[in-house]
Amino acid sequence: MKNPWIRPLQLCIGAAVLGMAGLATAQPAPGPDGMPPPPPAAEKAKPHHHHKKHAEPKGQGKRGYDRRDPAQHEAAAVQEQSRRGGVQSGDHFQRNALARCDVFKNEGDRRSCVERVKDGQVSGSVEGGGVLREYTEQVPVRQ
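In this note's numbering, the protein residues as written are 138 to 280.
Quick look at the structure:
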């Protein structure tokens, strides 16, 4: 029966021998007079230059809208857009929703879409993951 530690021991000894052989051949060649060359001169330590300050005094740093919470940021953006005349009224959104119904080619499908937009029961919230519109239409059975 073989010992289970013999093979790992052989591998470790082989690795150590190869490492020693590599170190022995990595020695610098002696100079022409038989003396080893002098060690390289140490480089002068260069000073470390900071490109920016790591800690700024209190009260400095980010300014303006960076410190506001998102609700204030959105309110300021809407106010700026209203000054430019770009704020859209609620009827614009209604017209946009009705325009999306134009993709239906069948008149019945288009009518159902318009009714869904106008009279659909709304449930849920954006905060809760989404708004669901429910519309129930009874279709007569063909016989």
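We treat Cβ as the ideally placed atom computed from N, Cα and C, and that holds for glycine. Small disclaimer: the values here were computed from a predicted structure and weren't measured.
query: Cα-Cα, which of 251, 141, 173, 220 is closest to residue 274?
result: Nearest option by C-alpha distance: 251.
query: Using a Cβ-Cβ cut-off of 7 Å (strictly less than) and excluding sequence neighbours within five positions of residue 235, which residues of its own chain qualify?
result: Within the same chain, residue 235 has close Cβ partners 251, 254.
query: Identify the residues that DSSP records as bridge partners of residue 247: which are they?
result: None; residue 247 has no bridge partner.
- prompt: What number of angstroms, rounded off, separates the C-alpha of residue 267 from the C-alpha of residue 213?
  reply: Each residue's alpha carbon lies about 25 Å from the other.
query: By how many angstroms is the C-alpha of residue 142 removed from the C-alpha of residue 169?
result: A direct Cα-Cα distance of roughly 49 Å separates residue 169 from residue 142.
query: Based on Cα-Cα distance, which residue from 161, 269, 264 lies nearest to residue 257?
result: Residue 269 is the option with its Cα nearest to residue 257.
- prompt: Helix or strand or just coil, what does DSSP make of residue 267?
  reply: Reduced to three states, the DSSP call for residue 267 is strand.
field: Where the alpha helix (DSSP H) through residue 280 begins and ends
entry: Here residue 280 belongs to no alpha helix (DSSP H), and DSSP marks it neither H nor E.
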